[in-house]
Amino acid sequence: MFVGLTLPVMEPDIWADGPGTLEAWARAIDAGPFSSLCFGERMAFDNPETLTLLGAVAAWTSRVRLVTTVIVPQLHDPVLLAKSLATGDQLSRGRLTVGLGVGGRREDYRAAGADPATQTMRGMAERVAVMQRVWRGENLTGATLPVGPPPVRSGGPELLVGTTGPRTIRSAAAWADGLAGVTLDLATTGVAHLFDVARTAWAEAGRSAPRLTTSFWVALDDGDGSGRTQIHRHLRHYMNWLPVDLVDAMAPTTGFAGTPAQLREVLASFADLGADEVHLIPTDSDVDQVHRLADIVGQMA
Numbered sequence: 001m002f003v004g005l006t007l008p009v010m011e012p013d014i015w016a017d018g019p020g021t022l023e024a025w026a027r028a029i030d031a032g033p034f035s036s037l038c039f040g041e042r043m044a045f046d047n048p049e050t051l052t053l054l055g056a057v058a059a060w061t062s063r064v065r066l067v068t069t070v071i072v073p074q075l076h077d078p079v080l081l082a083k084s085l086a087t088g089d090q091l092s093r094g095r096l097t098v099g100l101g102v103g104g105r106r107e108d109y110r111a112a113g114a115d116p117a118t119q120t121m122r123g124m125a126e127r128v129a130v131m132q133r134v135w136r137g138e139n140l141t142g143a144t145l146p147v148g149p150p151p152v153r154s155g156g157p158e159l160l161v162g163t164t165g166p167r168t169i170r171s172a173a174a175w176a177d178g179l180a181g182v183t184l185d186l187a188t189t190g191v192a193h194l195f196d197v198a199r200t201a202w203a204e205a206g207r208s209a210p211r212l213t214t215s216f217w218v219a220l221d222d223g224d225g226s227g228r229t230q231i232h233r234h235l236r237h238y239m240n241w242l243p244v245d246l247v248d249a250m251a252p253t254t255g256f257a258g259t260p261a262q263l264r265e266v267l268a269s270f271a272d273l274g275a276d277e278v279h280l281i282p283t284d285s286d287v288d289q290v291h292r293l294a295d296i297v298g299q300m301a
């Protein structure tokens, strides 16, 4: 099983050093034992814009895969999104994996001027179909030339569906290459069920076995409980669209907080489920976290 690491794009102090923190994280992840560098999208927030960041991390790295976890295609014009992602794929020399999801925040749709009625599995699938036609070189606009550049991989980059719902997984089996899941409480039974749903759905669609990934928030400590406090602080900032009392109720059981040895046990449990990759989501912007996590992941190789 491979382990990727997410950039701390949702942290409140991410811009304190301009782009310095993001660049330091990207270079450290690329230099470590991680298989991928991940980053997600929000609109009504102070995180970096995802497609601009894609160009930057393509320049800052040379080895790891770059994974969007996730982009919401309904927030973008699909032809322009296809062009932007193909550009990122070329800039990274084919290292791009695109995670796509419906998105759970109506405020992001409003901020992007997107139609809330498209916040559906069908709305996502329709836009994916347009993007795939662009990547195949079809001329959808009637222009002199079709929209380019072509992606590195024929037909477009690897696509993962970002969801925790069986219905979305079954719907995406027709177009996705795999699953970009997330687990809040680290319950392996729930993850195992979603993996089984995906395997069955891909088989029924006549597709090869799906790539199975999941992710969770992480904070290391020495067994003193400070990691749980760190996750709580992070969730208060990141989940700002939810009532504070709900976030406070979730915080004690969301994500991983504990020692390096305990994290190795958790990662081993996901490997036992057949996960192809786990993406760790940091809850602090200190680049020292990359090095501490690298020690753990390196010992498991």
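Each residue of the sequence shown is one higher than the one before, counting from 1 in UniProt numbering.
All C-beta atoms, glycine included, are put in the ideal place defined by N, C-alpha and C.
All figures in this text were calculated on a predicted structure; none of them were measured in a lab.
- Pairing E126 with L75, the inter-Cα distance amounts to about 13 Å.
- It is roughly 17 Å from the alpha-carbon of L100 to the alpha-carbon of T52.
- Beta bridge pairing from DSSP links R211 with G178.
- Each residue's CA atom was taken as its position, placing T189 and R199 some 15 Å apart.
- In the DSSP assignment, T68 forms a beta bridge with F39, V98.
- H232 counts as buried, since at least 16 other C-beta atoms from the protein chains shown sit within 10 angstroms of its C-beta.
- Between S215 and V278, the CB-CB gap stays under 9 Å.
- In this structure, DSSP gives W15 a state outside helix and strand, which the three-state scheme calls coil.
- DSSP places P260 in the uninterrupted alpha helix (DSSP H) bounded by 260-272.
- Separation of T118 and G18 (C-alpha to C-alpha, rounded to the nearest whole angstrom) is 35 Å.
- Taking C-alpha positions only, W241 is separated from L140 by approximately 37 Å.
- Fully enclosed beta strand (DSSP E) runs of no fewer than 3 residues occupy 96-100, 158-162 of the stretch 91-177, in order along the chain.
- One alpha carbon belongs to F34, the other to R93, and they sit about 18 Å apart.
- Around the Cβ of G156, a 10 Å sphere holds 16 or more other Cβ atoms; the residue is buried.
- The three-state reading of DSSP puts A44 in coil, since its state is none of H, G, I, E or B.
- At the C-beta level, P8 and S285 come within 9 Å of one another.
- When C-beta atoms of the stretch 254-265 are compared with those of the stretch 224-231, three or more pairs fall below 8 Å, so the two segments count as touching.
- Per DSSP, F195 is one residue of the alpha helix (DSSP H) stretching across 188-204.
- Distance from P210 to G178 at the Cβ level is roughly 4 Å; contact confirmed, criterion being Cβ atoms closer than 8 Å.
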